[in-house]
Amino acid sequence: MENSKNYHDEQNNINTLRMREVLDTLPPFCKQFFRGIQEYTSSRTRLAYAYDIRVFFEFMQSHNSICSKMEIKDFPISLLDQITREDIEEYMDYITLYKKDGKEYMNNERGKKRKLSALKSFYNYYFRSELISTNPAALVPLPKLHEKEIIRLDADEVAILLDQVEDGTNLTKSQQKFHDKTKIRDVALLTLLLGTGIRVSECVGLDINDVDFKNNGIKIRRKGGYEAVVYFGDEVADALHDYLEKRHHIIPLEGHENALFLSLQNRRITVRAVENLVKKYASTVTRLKKITPHKLRSTYGTSLYQETGDIYLVADVLGHKDVNTTRKHYAAQEDSRRRKAASAVRLREK
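Residue numbers for the sequence shown, in the working numbering: 80 to 429.
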């Protein structure tokens, strides 16, 4: 059992190896930046930054006369001082839609904001370290995001979805063959997501010994790497008990012995597989909104806020570091609560 891989450590190892590959394509001075931010960023964030910075350098090489004379790996740090605000603004325009190796890439306002944030961190690091004398990225404002309405399931829709996962009545014949094998697992997985609001990455990372039936809690690893305990109700407990009875009879592949949720190949289930199964069941329920695992999380957050009215509790349970993130998401409900206040207090009896 000792050789069973911890999901989060395994993901970090994968990200570390990918990071080395990307760094080999970037100028050597970039290594200093990634070492500098290591203490307060996850391996996944650093890898995303590395990809984004590579896109920026590729743009500069193909659009800037100074850069076009050099290989990206040969760019000196002094080049950062020669890049202007205008270069960065042109880059922001470019990433709206661009082609690379025959493939088309698009970035909406969220994608553009992420890429500019990476560039701002990159420039900030060298500017504060006094290795460059200009900071053109600081002069370019981040795109304003338009808030998207949160799609969440109503109580009756949650019941319809879970019934469909149990019954599998609207699945195709080939899907029904698999459904017989995965039904108990799928019910447990979706009940857990809907009953706790955990992220899919937190769900697939669960090991059997992370489930504590004595206290009805699960130990999860949050974004940023810290551990937290999230508590669940009786419906979730019943679904997990049913699944674990079956799970104990499955012989997992080597290295996946501790994983709570297994795929049909008896290895730890992946984030992509969970996304696909949510999509599969949701698509068979004709009245249902288009949903993703994240929308199951929104559904839980909404229900919790409606029941408690405590935005700080919702932020804590969902693992939001900043309560303003939570408040922004549930602002519409806060507004409806404030409207109720208008008629809650009587000044004079009629």
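By construction, the Cβ of each residue, glycine as well, lies at the ideal position given by its N, Cα and C atoms.
Please read all numbers here as calculations on a predicted model, not as lab measurements.
Could you give the first and the last residue of the continuous beta strand (DSSP E) run that contains residue i?
i	result
I299	296 to 300
K293	Where K293 is concerned, there is no enclosing beta strand (DSSP E), given that its DSSP letter is neither H nor E.
CA-CA distance, residue i and residue j?
i	j	result
D88	Q117	15 angstroms
K407	Y119	25 angstroms
L241	L198	43 angstroms
M149	N187	30 angstroms
R133	F206	19 angstroms
N337	G380	29 angstroms
D180	Y130	15 angstroms
S141	S147	6 angstroms
A234	Q90	35 angstroms
M80	N288	In this predicted model, M80 has a pLDDT of only 38, less than 50, meaning its place in the structure is not dependable enough to derive any value.
E354	Q161	44 angstroms
L319	L218	52 angstroms
H225	E168	20 angstroms
D321	I263	7 angstroms
T98	L126	Checking the sequence shown, residue 98 turns out to be Met, not Thr. One C-alpha to the other measures close to 6 angstroms.
T405	Q385	13 angstroms
Residues in the same chain with beta-carbon distance under 6 angstroms from residue i, minus the five sequence neighbours each way, listed in chain order, please.
i	result
F136	I151
V308	G296, K298
P222	E188, K191, K192
F154	P106
L397	G276, G380
R301	A307, G398
Keeping to the same chain, check which residues put their C-beta closer than 8 angstroms to that of residue i; ignore five residues upstream and five downstream.
i	result
K178	Y184
P304	The residue you asked about is not Pro; residue 304 is Gly in the sequence shown. So the qualifying residues of the chain are H87, S121.
L159	Y202, Y205, I211, T213
I156	P106, F108, Y205, L210, I211
I174	V134, F138, Y184, N186, G190, K191, K194
T104	R133, I151, K152
According to DSSP, what are the bridge partners of residue i?
i	result
M185	L176
V309	I297
D286	A338
Hey, quick one: how far does the alpha helix (DSSP H) through residue i stretch, first residue to last?
i	result
N94	86 to 102
I370	Here I370 belongs to no alpha helix (DSSP H), and DSSP marks it neither H nor E.
A394	390 to 397
F113	109 to 115
S280	279 to 283
Can you list, in chain order, the residues of its chain whose CB lies under 7 angstroms from that of residue i, leaving out five sequence neighbours each side?
i	result
D265	V244, L356
S280	V350
Y170	F135, F138
### Task
May I have a chain-ordered list of the alpha helix (DSSP H) segments no shorter than 4 residues that lie completely inside the region 137 to 164?
Counting whole runs of 4 or more residues, the region 137 to 164 contains the alpha helix (DSSP H) stretches 158 to 161.
### Task
Counting only runs of 4+ residues fully inside the region 225 to 258, write out the alpha helix (DSSP H) ranges in chain order.
Qualifying alpha helix (DSSP H) stretches, in chain order: 234 to 246.
### Query
Going along the chain, which unbroken runs of the alpha helix (DSSP H) with 4 or more residues stay wholly within the region 313 to 366?
313 to 326, 350 to 363
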